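Chemist:
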Amino acid sequence: MKTHSRRSFLKASALSGGGLMLSIVGFSSFKAIDTKKEAPLPAGWNELNGFVKITADNVIKIMSPNPEGGQGVKTSMPMIVAEELDVDFSKIIIEQADLDTKHFTRQFIGGSQAIHLSWQPLRMAGATARQMLREAAAQQWHVPVDEISTESGVLYHKNSGKSANYGDMATAAAQIPVPKEVKLKNIQDFKIIGKSQGNVDLAKIVTGKPLFGIDTQVKGMQIAMIVHPPAFGLKFKSIQNEVAVSKIKGIKAVFPIRIFNDDYEKTFFDTTTFNEVVAIVGNSTWEVMQAKKALEVTWQSIESYTQNRNMLGRKIVEKIPAGLEDTTEHKAKLAERMSQSATVRRKDGDVETAFKNAAKVIERTFNAPFLAHNCMEPMNFFAHVTDEKAELSGPLQKPEFTEQALSARLGMPLEKIDIKMTRLGGGFGRRSYAHWLLEAALISQKVKAPVKLLYTREDDMTAGIYRSTYSAYFRAALDADNNLIAFHVKAGGTPESPLYPNRFPAGAVDNYLAEDFTIDSNITVGSYRAPRSNFMAAAEQSFLDEVAEVAGKDPIDFRLALLNRAKEKPVGKNNEYEPERFAKVLELVKEKANWESIKMNKKLGFSAYFCHDSYAAHILDLEVKDGMPIVNKVWCAIDCGIVINPDAAKNMAEGGIVDALGAAMYGKMTFTKGVPDANNFHNYRMIRHNEAPKQIEVHFVKNTLEPSGMGEPAYPPVYAALANALYKATGKRFYNQPFSENL
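Counting from 1, position 76 in the sequence shown corresponds to residue 84 in my numbering; the numbering is continuous, with no gaps.
1) What would DSSP say about Arg741, mapped onto helix, strand or coil?
2) Taking 8 Å as the threshold, find out whether the region 499-518 comes into contact with the region 398-408 through three or more Cβ pairs.
3) Counting only the same chain and skipping the five closest in sequence on each side, list residues whose C-beta sits under 7 Å from that of Leu596.
4) Does the Cβ-Cβ distance between Ile324 and Glu295 come in under 9 Å?
5) Skipping 5 residues on each side, what residues in its chain have a beta carbon closer than 6 Å to that of Ala3?
6) In the structure shown, what three-state DSSP assignment does Met387 receive?
7) Jot down the residue ranges of each uninterrupted alpha helix (DSSP H) in the region 694-740, minimum 4 residues, whole runs only, in chain order.
8) Taking Gly321 as the reference, give the member of Thr275, Leu422, Lys600, Val639 with the closest Cα.
9) Note down the Cα distance separating Glu399 from Arg114, rounded to an integer number of angstroms.
10) Am I right that Glu76 and Arg431 are in contact with their C-beta atoms under 8 Å? What's the rounded C-beta distance?
11) Rounding to the nearest angstrom, what Cα-Cα distance links Leu462 and Ala181 in this structure?
12) Under the DSSP definition of a beta bridge, which residues are partnered with Pro1?
13) Buried or exposed: Met673, going by 16 or more other Cβ atoms within 10 Å of its Cβ?
14) Can you say whether Glu749 is buried or exposed, counting buried as having 16 or more other CB atoms within 10 angstroms of its CB?
15) Could you tell me which uninterrupted beta strand (DSSP E) segments, each at least 3 residues in length, are contained entirely in the region 425-513, listed from first to last along the chain?
16) In the DSSP assignment, find the alpha helix (DSSP H) that holds Glu604 and state where it starts and stops.
17) Please report the distance separating the alpha-carbon of Pro654 from that of Lys203.
18) Could you name each continuous beta strand (DSSP E) segment of 3 residues or more that falls completely within the region 347-376, going from the start of the chain to the end?
19) Hey, quick one: how far does the alpha helix (DSSP H) through Gln315 stretch, first residue to last?
20) Are any of the Cβ atoms in chain B nearer than 9 Å to that of His496?
21) Using three-state DSSP, classify Thr335 as helix, strand or coil.
22) Give the single residue among Leu242, Ile184, Asp209 whose Cα lies nearest to the Cα of Gly433.
23) Using a Cβ distance threshold of 8 Å, determine whether the region 338-348 contacts the region 287-303, with at least three qualifying pairs required.
24) Using only CA atoms, which one of Asn194, Ser440, Val726 lies nearest to Trp643?
25) Could you check where the alpha helix (DSSP H) with Arg131 kicks off and where it finishes?
26) For the putative contact between Ile234 and Glu447, defined by C-beta atoms under 8 Å, what is the C-beta separation to the nearest angstrom?
27) What residue range does the beta strand (DSSP E) around Gly635 cover?
28) Per DSSP, what kind of secondary structure is Phe220 in: helix, strand or coil?
29) To the nearest whole angstrom, what separates the beta carbons of Phe551 and Thr477, a pair I think is in contact under 8 Å?
30) What residue from Met660, Gln183, Gln139 has the CA that sits closest to Val162's CA?
31) Is the region 692-705 in contact with the region 245-253, if contact means three or more CB pairs nearer than 8 Å?
32) Does the distance from the C-beta atom of Lys676 to that of Ala686 stay below 9 Å?
33) Are at least three pairs of beta-carbons, each pair with one atom in the region 561-576 and one in the region 529-545, less than 8 Å apart?
34) Using 10 angstroms around the beta-carbon of Lys217, count the other beta-carbons present and answer buried if the total reaches 16, otherwise exposed.
35) Got a sec, what are the start and stop residues for the beta strand (DSSP E) Ser254 sits in?
36) Whether or not the region 449-456 and the region 372-386 are in contact is what I'm after, with contact meaning three or more pairs of Cβ atoms, one per stretch, closer than 8 Å; do they touch?
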């Protein structure tokens, strides 16, 4: 048994009319409250929260604290609480918690950190609730608490034969001081964690019940849309026919709104492309869309400027250049900067001498375009802002940070803002930057009515936020025995660098150099599934495959030898990965795919990568017919620590694999004089059902380590696995994305 000391993420109280409620609230102290005296209950919850509610008539409800965007946390987070609470998971009620910044922090999804950060707090929530129920039973039955056991929501005293369900003791348990220490289950005793549970929203999803923000319907609600500049590098100047458009049937108002004030210091997630847009408000979506087509707006060129940013405590000055940018210009600048000096981020050994004395030197450059997120559900949000309060509802990933920005913009204290989180119809980083929530709130404030703001697909695809365009140059040196003796990577991007200087093969090569650069741009970028890793894995793992071939070595064995070197005699002290764990996913996928037996007869591509504290490796089997690849099978091995919900984890891996195949093959956003060249699915190619792999086989490394990321780690290695398989099938290496343009 593990023993944990008292931590500040629990709060106990009796429900009105009797019962127990537990909530995770922070990290400093526990507090017990009798809500018979403190009714009503709080309306919302916040990050690292796991609420347990038990009524006197034995209704057990667990609140899921983090936004649900398809990654399954609304099922897996309550599973963790239920495990330690010792209840029958099939008999509990699970609800999505709202945002409550008054009591909670870090209530968001991103970086595959939801389970990783919540593992211990959620276990403690369930274990503490169970302990308080045991103590209540012990007092009522006048027996030592150590003699009280539990099973499936029932308390037992075996010596006397007494038993009671949790509801019988819930009210009394709320009066018990929260224990300073509680025992957590031994991992081998888990009954819920590690066993597949069905998605708690599945029935509502398949029957079309309202779950998503776009489903919101409120009496008296008006529909709002926005018009933004047609090109990056332009800004709002004036509306030419405001009066005429306002007279169109069903239209209530037409006006410009300014999202952030000029003196506001933007934080990490306050990214927005166009700070001033035109709002159109009306009775129906159709009427507003017709008015939008009729609206005539004059735009003007921006001037170069700088803005101060507070990036989660790191202060930066962001440079935004003027001008209408072109993809041709982007490529030329990246190539020019690649030939110039860059900022050294890591250097081990004597790289220059190693390359000078090398028997063989391999040099390659990889490039990737801007990418759009294209969430299935377009951006939307409901807002009703009055002088007294602001009520909002919709899909977003970082509600706490967005609420802080909204508070500053409206001049309204946080306690007067209520944000309800709906299920996300796709997130992938795009919904981290919720400027559209601010737009909805400002529109509602202006028209003094509840509104639902809707983006069309064209609005979303042409207003950012994108994945940066990247370039990476790799150089490897081999000695006369074909051993890797030096490795050099120089990476850059517009406007973000993709480099992770302390990841593999750093630590496995005596002479190692990593450097990077950035190029300023007025095209707005932000988090994209597996930020930066999605490109670096593609470039690095494609390059390592080519190096292994030049060295005359099996691509998996080549990497395993490097990982063994990093384990036995690591170079440097800042290596992010654990080589032994990394090697195990390579060995597992090699075994499951029967690599040694099939590699000579099939067109196989291999790739592996570490990110978000997890390790993933893929083997991809394909063939090319009529010039296009057909993926027959993908074998996937992942080490993400303890797997909470196996079926859900497999679903995330499968979804990541399909998503990455589509982006690698077809994903591309280009620009002509600041105008995005794609604005909907007719000219932004997405993967189709018949292009998905015929079979995906997912395997997990079995261990008892704390869970780590799962939503993103399977995604980055796919690009290179595809590129390496395409090489086997076509004899051609793929250095530029999307690959379809090079077939």
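Glycine included, every Cβ here is placed at the ideal spot set by N, Cα and C.
Keep in mind it's a predicted model, so treat the numbers as computed, not measured.
Modeler: In this structure, then:
1) coil
2) no
3) Ala645, His707, Val709
4) no
5) Missing from the structure shown is residue 3; the chain here goes from 9 to 751 and no further.
6) coil
7) 724-738
8) Thr275
9) 20 Å
10) 5 Å
11) 47 Å
12) Absent from the structure is residue 1, since the part of the chain shown begins at 9 and ends at 751.
13) buried
14) exposed
15) 425-429, 459-462, 477-486, 492-502
16) 603-606
17) 7 Å
18) 351-356, 368-376
19) First-last for Gln315: 313-319, but that is the beta strand (DSSP E), not the alpha helix (DSSP H).
20) No chain B appears in the structure shown, which is made up of a single protein chain.
21) helix
22) Asp209
23) no
24) Val726
25) 122-149
26) 6 Å
27) Careful: Gly635 lies outside any beta strand (DSSP E) and carries neither H nor E.
28) strand
29) Actually they are not in contact, since the Cβ atoms of Phe551 and Thr477 sit about 19 Å apart, beyond 8 Å.
30) Gln139
31) no
32) yes
33) no
34) exposed
35) No beta strand (DSSP E) contains Ser254, which is instead part of the alpha helix (DSSP H) from 250-254.
36) no
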